[in-house]
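Visitor: One structure follows; several queries about it will come next.
Numbering (my numbering), first residue to last: 768 to 818.
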């Protein structure tokens with residue numbers, strides 16, 4: 768169960784960052800995707816430090 772808690776956020780983060788590099792989105796959306804991806808990463812790093 769512990770591995771799933773680690774893998775899902777990593778996949779989410781990678782998904783949003785890959786959307787950032789996708790050519791068909793406008794720059795505003797790209798920045799939003801990048802911010803969401805980084806926020807997911809930061810939240811999960813903090814969560815693993817607490818537990």
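Where a beta carbon is used, it is the ideal one built from N, C-alpha and C, also for glycine.
In three-state DSSP terms, what is residue 790?
Guide: Residue 790 sits at position 23 when you count from the first residue of the chain shown. Coil at residue 790, not helix or strand.
Visitor: Return yes when the Cβ of residue 807 is within less than 8 angstroms of the Cβ of residue 776, no when it is not.
Guide: In the chain shown, the residue the question calls residue 776 occupies position 9. In the chain shown, the residue the question calls residue 807 occupies position 40. In contact: residue 776 and residue 807 (Cβ atoms closer than 8 angstroms).
Visitor: Compare the beta carbon distance of residue 786 and residue 800 with 8 angstroms and say whether it is the shorter of the two.
Guide: In the chain shown, counting from the first residue as 1, residue 786 sits at position 19. In the chain shown, counting from the first residue as 1, residue 800 sits at position 33. Cβ atoms of residue 786 and residue 800: closer than 8 angstroms.
Visitor: Under 7 angstroms: does the beta carbon of residue 800 sit that close to some heavy atom of the ligand FMN?
Guide: What this structure holds is no ligand at all, so the ligand FMN is not there to describe.
Visitor: Quick check: what's the CA-CA separation for residue 805 versus residue 811?
Guide: Within the chain shown, the letter at position 38 stands for residue 805. Within the chain shown, the letter at position 44 stands for residue 811. For residue 805 and residue 811, the distance between alpha carbons rounds to 10 angstroms.
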